[in-house]
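Visitor: Residue numbers (the working numbering): 477 to 620. Using N, Cα and C, we set each Cβ at its ideal position, and we do this for glycine too.
1) DSSP state of residue 586, grouped into three classes?
2) Check the DSSP bridge columns for residue 531 and list the partner residues they point to.
3) Under 8 Å: do the stretch 584-592 and the stretch 541-548 share three or more Cβ pairs, one atom per stretch?
4) Assuming residue 563 contacts residue 569 under a Cβ cut-off of 8 Å, what Cβ separation, rounded to an integer in Å, is found between them?
5) So, at 6 Å on beta carbons, what are the nonlocal neighbours of residue 596 in its own chain, with the 5 sequence-adjacent residues on each side left out?
6) Kindly identify the DSSP beta-bridge partner or partners of residue 601.
7) Starting from residue 616, follow its DSSP beta bridges and name the residues at the other end.
8) Residue 620 and residue 552 look like a contact to me (Cβ under 8 Å); what is the Cβ gap, rounded to whole Å?
9) Are residue 600 and residue 579 touching if we call contact CB-CB under 8 Å?
10) What separation, rounded to the nearest whole angstrom, lies between the Cα atoms of residue 588 and residue 566?
11) Anyone know if the C-beta pair for residue 641 and residue 550 falls short of 8 Å?
12) Can you tell me which residues form a DSSP beta bridge with residue 575?
13) Round the Cβ separation of residue 560 and residue 616 to the nearest angstrom and send it over; I've been treating them as touching at under 8 Å.
14) Can you list, in chain order, the residues of its chain whose CB lies under 6 Å from that of residue 538, leaving out five sequence neighbours each side?
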């Protein structure tokens, strides 16, 4: 897509228009994100989850503790393509320490907030009990 820009001091200049901001905006409106809060005695909605409570298919579940303990953050793509999800925007930047991928396709975690840079892979139908010193700030999940 081309966009014409005119300047009063010179002729019209044709520049390529960037479509990626529109695509990113559309992709960010399609993810399904679920968050379970900390355990409390008087709240049935907020609770600590176990590995067995990760949705059985098509999700990437991140846990605040190693070996799938602590709070859980589950994300999946409800659109036709994969989606990048900012963990920072959801209050999970640098919090995840373990993961379960119940999707058959590979997911990826990134040290940056925009799914750029070197991916930290989470193979399909697998789990990672600890990320070591890696602290994810965004994740990419495949289409459901």
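Guide: In brief:
1) strand
2) DSSP lists no partner for residue 531.
3) no
4) 5 Å
5) 585 and 610
6) Partner(s): none; residue 601 has no beta bridge.
7) 560 and 584
8) 6 Å
9) yes
10) 14 Å
11) Missing from the structure shown is residue 641; the chain here goes from 477 to 620 and no further.
12) 538 and 604
13) 5 Å
14) 549, 572 and 575
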